[in-house]
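Numbering (the UniProt record's numbering), first residue to last: 1 to 110.
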């Protein structure tokens, strides 16, 4: 099991629009192919940031999931052209659990 932690810096004044676009246009496609564990925004510290935590079986599952999501017309043709201009920067980290890492609790629906 691996987890991907993604951080996006959204242009000032665009956070509400980005969140709306993600929820309407990206999330349905993403949820068909991936497991979203958490989605946050920042209130203190680096503002205008969005954080996602995704779970995958392994690196191949991650690659296959992204390929399937990116092939969906709603994601590719609607979300990407709308959201990309709102993003200033993106960072992604693949996280692997240590032997002493606590197991994540079950998320509703899984």
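Glycine included, C-beta positions come from ideal geometry on N, C-alpha and C.
For clarity, every value in this text was computed on a predicted model and none was experimentally measured.
What did DSSP end up calling residue 47 once you bin it into helix, strand or coil? Against the chain shown, residue 47 aligns to sequence position 47. Three-state DSSP puts residue 47 in coil, outside helix and strand.
When burial is assigned at 16 or more other CB atoms within 10 Å of the CB, is residue 23 buried or exposed? Taking the first residue of the chain shown as position 1, residue 23 is located at position 23. Its Cβ having fewer than 16 others within 10 Å, residue 23 is exposed.
Roughly how many angstroms lie between the CA atoms of residue 64 and residue 99, to the nearest whole one? For the purposes of this step, residue 64 is taken as residue 64 along the chain shown, with counting starting at 1. For the purposes of this step, residue 99 is taken as residue 99 along the chain shown, with counting starting at 1. For residue 64 and residue 99, the distance between alpha carbons rounds to 27 angstroms.
CB contact flag (residue 54, residue 82, <8 angstroms): Within the chain shown, numbered from 1, the residue matching residue 54 stands at position 54. Within the chain shown, numbered from 1, the residue matching residue 82 stands at position 82. No. Outside cutoff.
Please list the terminal residues of the continuous beta strand (DSSP E) segment that includes residue 95. Counting from one through the chain shown, the residue named residue 95 turns up at place 95. Unbroken beta strand (DSSP E) run through residue 95: 87–95.
Please state if the CB of residue 9 and the CB of residue 52 are separated by a distance shorter than 8 angstroms. For the purposes of this step, residue 52 is taken as the residue at position 52 of the chain shown. For the purposes of this step, residue 9 is taken as the residue at position 9 of the chain shown. Cβ atoms of residue 52 and residue 9: not closer than 8 angstroms.
If you reduce the DSSP assignment to three classes, tell me which class residue 100 lands in. As a first step, residue 100 must be located in the chain shown, where it is residue number 100. It is coil, neither helix nor strand.
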